[in-house]
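A short worksheet on the structure shown next.
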Amino acid sequence: MSGLPGRPPTKFRQAFKAWEAGPGQKYIKHRPGRTNYLRSGSGPRSQDGTVKTINQPFPTNPFFRSQPVLSEELKEEVWKAVVERGRSLRLTSVDYQMDIRRVAAVVRLKQVEKQWIANGKRLATVYSKAVNEMLPQTPLTKPATEHEPINDLVVHPSTLPQVFWPVAESQHFTRVEAGEAFGDKLLPAEVRIPHPQLYEIAKGIAQGKFMEVAKEEAWDRIQKADIKAQARLTNRIKDQEARTTTVQSPRSAFKFEDVTVDTKSTGRYSNGIGARYGIPHEDRKKGQIKIPTKVIG
Amino acid sequence: MPRNKKALYSLARPKCRPSWHKLNLYNLDRLRSPIKSNMTYFQQKWYAKKATRAYHGDTVKEMHWRRVFRPDMRSVIPMNANYLGRFDGSDFSAGRGGGRTNQPGPSALKFKARGPKPVPYMNMVYHQLERRLDVAIWRALFASSTKQARQFCVHGGVTVNGRKMVHPGYQLNPGDMFQVDIERVMFATGARKNYWERRFGRQDRRRGYGIARGGRPTSGADTELEVDAEAEEEAEAEGEVESTSTESSALESSDPSAPDQSKNRLRDWLEAARHSLIEPRDKDESAAHKRALRDFTRTMRKELGYKASRDAPINEQIVLMAEKLSLDTGGLKDESKTTNSEPINNVGLTQTLRNDQERLLKQALQQMKENPLDYTKGYKTPWEPRPYMSAFAFIPRYLEVHAPICSAIYLRHPIARPGLGEVPTPHNEVVNGLTFNWYLTRR
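In the order they appear, the protein sequences are chains A and B.
Numbered per the UniProt record's numbering, the first sequence spans residues 1 to 297.
Numbered per the UniProt record's numbering, the second sequence spans residues 1 to 443.
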């Protein structure tokens, strides 16, 4: 990189040295509580003359922003709400305006942290503090600051190609019919969003119900649906367990399950019993990828 | 990825790499579009692909990436539940199918007038690579480059869902929790040791010291305690103390009530005390002061760095010595003066610190306990983030990172939404689009 001994550094190297001593200086150390991205201070000036900080880590890509992360206090509060106060994930998600999956993840991570503390394991407190100082944060406020939009509608692949669908001008063409036009089983947006109960509340209010009544009805229905789904899941697991006989050995558990061979068809489809009978495995061949596709904890 | 390490951050042919290197930051700062107007379409695609691949999966072979590439991209549109409840969507299809002009509410017309933000689908070209374990570790700020993250996997420092995962190319599934060994993360993200710290580290390791091994012996013969016996003897012979004017002025100007500054002050002070014993200086200082200084350093280190219990009360000796060395007056400058004018004879007389001073000291000690001095570590202690880290520090939304335990959960696959592509890429949509076209078809 540097020039040969006795030779001056190249012009590229000189330019870099100049950058390092000049504009590069401010990126060496972080300023706690502020982001420090390339050219981040050079945003457009607002009306009161202050330069607006844009959390854009890559100057050439305006479509990527460094979005706030959850502050430690907020994570702790979410954990308390779910574990100590027993609030459901769905409700907590609405309370703190964050994705349901994020709520679950925070609870899981916090649980591990508590376990570490109980076991006397050392935490990376210093590292964590430094990282939190560098990143934009969603603080713990009352009422809660929105962390992310919670009702994201996943764009269904069948809605990507344009559909030409002639409809009479007099027809009252709603979202439900639009869903049918895209494909026979595509449900309307209000059903496919993660928090359909919020839609139901809004609809109830629009129909003239009192807010409390609408809320109660919607939450009742969603709670029943959630309980049903949970029951279905546990039943499936129970059924599976009932069908299998487990023999515990010192090293591992052997699981036996009664199966019925499909006699009607040939049985040689990928899920069929004995579909691979007589076919050698190729896992010792050269170039076979043996990276696991999932890890069950 | 070039075999030649120099070519990685080439200044003549700059490319943005997945790394926190300062040369990489410089190259990112002057990153220009690789597309020129006089290029043929094939050339445009070629150079676009070349530029983007340097950042995305530079450790992944081209053949493998071509197999992994998927042209379909996930996206979401945020919905307003209130709007959905109040309107059934017919306002968008009213009239001739494009919404009626006199429609009330947040209807098609207003939506159209403002114009929806575009969904940057093209920035999602490399979304499949974001699933890789090594990339996710780097995105979660647990490693300073994907190469280093890869090394952490291969060396067995990474677990997925509690099980060791040695494959850096493991494709994370939504809900997978990955965890990196804390020491490795501290090493990857921490500043490097200097010459003296490396030297002390070697000596400490040889003698079997360090926090992990129960710490440096804290009681017993003085000879065992010396950091650098010969250096100390040398220092004693010369007789010196460090009181750099710049340091002292910086310390004095700082507000001692701020915890960070008090920590810095204490650390600087400790550092100065250590240096005074090692680096020969030609300054006269009373033997008593030197002894006090050395005792203090030793006790300090014992108290801060090499003690396991966290809630141990402050050693009275430290308070005593802090007072003796006029920590409360807040500067190294006063140090020599104080000790010269009123030597250690008044030690027993004033044993109490003011409340706020004691609180300050306690705070500083607590901070030093969390971030101890230990030369046996591979990184600079007390730990501090490596230079230029903040310019690269962001965490994309598809990861939920919990830094205290160096763990993260891969929540979902990266998505595009109006105005935002979640795949972090330094290149703009045009370059990414050309890359997409390069991989989309057989040429």
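For every residue, glycine included, the Cβ atom is placed at its ideal position computed from N, Cα and C.
Residue contact with chain A for residue 34(B): absent (no Cβ-Cβ distance below 9 Å to any residue of chain A). Annotation: Cβ neighbours of residue 291(A) in chain B (cutoff 7 Å, chain order): 167, 169 and 170.
Selection 230(A), 291(A) and 200(A) evaluated against residue 216(A) yields 200(A) as nearest (Cα-Cα). Ranked by how close their Cα comes to the Cα of residue 202(B), the residues 374(B), 418(B) and 6(B) have 374(B) in first place. For the 9 Å CB-CB criterion, residue 386(B) and residue 93(B) do not form a contact. Rounded to whole angstroms, residue 126(A) and residue 371(B) show a C-alpha spacing of 6 Å. Distances from the CA of residue 88(A) to each of 58(A), 75(A), 104(A) and 76(A) were compared; the closest alpha carbon is that of 104(A). DSSP places residue 137(B) in the uninterrupted alpha helix (DSSP H) bounded by 133 to 139. By the CB criterion at 9 Å, residue 409(B) and residue 176(B) fall inside the cutoff.
Apart from sequence neighbours up to five positions away, the residues of its chain that approach residue 65(A) with a beta-carbon distance below 7 Å are 55 and 56, ordered along the chain. By the beta-carbon neighbour count (other beta carbons within 10 angstroms, threshold 16), residue 210(A) is exposed.
Secondary structure note for residue 63(B): it is in no beta strand (DSSP E), and the uninterrupted alpha helix (DSSP H) holding it is 62 to 68. Rounded to whole angstroms, the gap between the alpha carbons of residue 149(A) and residue 20(A) is 40 Å. Per the C-alpha coordinates, the member of 123(B), 422(B) and 412(B) positioned closest to residue 49(B) is 123(B). By the Cβ neighbour-count rule, residue 256(A) is exposed, with fewer than 16 other Cβ atoms within 10 Å of its own. The beta carbon of residue 70(A) sits closer than 6 Å to the beta carbons of 138 from its chain, once the five residues preceding and following it are set aside; these are given in chain order.
Residue 79(A) counts as buried, since at least 16 other C-beta atoms from the protein chains shown sit within 10 angstroms of its C-beta. Looking at 88(B), 18(B), 384(B) and 56(B), the one whose alpha-carbon comes closest to that of residue 206(A) is 88(B). Sixteen is the threshold: since fewer than 16 other Cβ atoms of the shown chains lie within 10 Å of the Cβ of residue 63(B), the residue is exposed. Residue pairing of residue 177(B) in beta bridges, as defined by DSSP: 409(B). By the CB criterion at 9 Å, residue 85(B) and residue 291(A) fall outside the cutoff. The C-alpha of residue 190(A) is placed about 10 Å away from the C-alpha of residue 82(B). By DSSP's assignment, residue 248(A) forms a beta bridge with 253(A). Contact between residue 426(B) and residue 61(A) holds: CB atoms are separated by about 6 Å, below the 8 Å threshold.
In this structure, DSSP gives residue 400(B) an extended state, which the three-state scheme calls strand. For a Cβ distance threshold of 9 Å, residue set 105, 108, 109, 112 and 297 of chain A lies close to residue 177(B), ordered along the chain. By alpha-carbon distance to residue 47(B), the top candidate from 166(B), 21(B), 18(B) and 14(B) is 14(B). Among the residues of the region 59 to 82 of chain A, those with a Cβ less than 9 Å away from any Cβ of chain B are 59, 60, 61, 62, 63, 64, 65, 66, 67, 69, 70, 72 and 75, in the order of the chain. Taking 9 Å as the CB threshold, residue 16(A) lines the interface with chain B. Look at the region 368 to 383 of chain B: the residues with a C-beta under 7 Å from a C-beta of chain A are 370, 371 and 383. Taking a C-beta distance under 9 Å as the contact criterion, residue 70(B) and residue 127(B) qualify as a contact pair. Within the region 120 to 131 of chain B, the residues whose Cβ lies closer than 7 Å to some Cβ of chain A are 120 and 123, listed in chain order. The count of Cβ pairs closer than 8 Å, one atom from the region 27 to 46 of chain B and one from the region 177 to 193 of chain B, stays below three, leaving the stretches out of contact. For residue 125(B), there is no enclosing alpha helix (DSSP H), as DSSP gives it neither H nor E. For residue 233(A), the closest Cβ of chain B is not nearer than 9 Å.
Residue environment analysis places residue 252(A) among the exposed positions, since fewer than 16 neighbouring C-beta atoms fall within 10 angstroms of its C-beta.
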